[in-house]
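Inspection log for the structure reproduced underneath, given as structure tokens.
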Amino acid sequence: MKTAHDPLDKLKAKNPFTVPEGYLEGLTERIMEKLPDPVRETTQPPVTLYARMKPLFYLAAVFAGLLVFFKFFFGIPEQTNAGRGVDSLLVQTASPVAHTVFYTTTAEDLEYLDYVEEQCANYLLEGEIDF
Numbered sequence: 002m003k004t005a006h007d008p009l010d011k012l013k014a015k016n017p018f019t020v021p022e023g024y025l026e027g028l029t030e031r032i033m034e035k036l037p038d039p040v041r042e043t044t045q046p047p048v049t050l051y052a053r054m055k056p057l058f059y060l061a062a063v064f065a066g067l068l069v070f071f072k073f074f075f076g077i078p079e080q081t082n083a084g085r086g087v088d089s090l091l092v093q094t095a096s097p098v099a100h101t102v103f104y105t106t107t108a109e110d111l112e113y114l115d116y117v118e119e120q121c122a123n124y125l126l127e128g129e130i131d132f
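Residue numbers are given in the numbering used here: position 21 of the sequence shown equals residue 22, and the series is strictly consecutive.
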């Protein structure tokens, strides 16, 4: 009886991968020729005083913005004019209300609103503003 011949038996003993002759000689030099030139270190420009202070300016701007934000939404109680001259245009009002209010109307505000209302009424009566 004849045994079956397997074609893979020939390849088991032999390595199918080969390197061309002279490939490894001079490989390093060929790779180095293809690489770009090394980057030369450049001198950096000197850091200015403004560049050093810029973060502090930003920090100050943030705190100023927060101060305006809290002043606008929560209000800071007005200080009395004790020890200072009183302006003739200021009107003294009653003591402030005990509870916190986001917006309080003072006598000066009411006087200004009456003035604006009177001016608008005059414009309407004179026909300068149309609806």
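We put the beta carbon where it would ideally sit given N, CA and C, even for glycine.
Reduced DSSP secondary structure (H/G/I, E/B, other) of residue i
{"i": "Y51", "result": "helix"}
{"i": "L36", "result": "coil"}
{"i": "Q45", "result": "coil"}
{"i": "Y24", "result": "coil"}
{"i": "T106", "result": "coil"}
{"i": "D7", "result": "coil"}
{"i": "P17", "result": "coil"}
{"i": "G128", "result": "coil"}
{"i": "G76", "result": "coil"}
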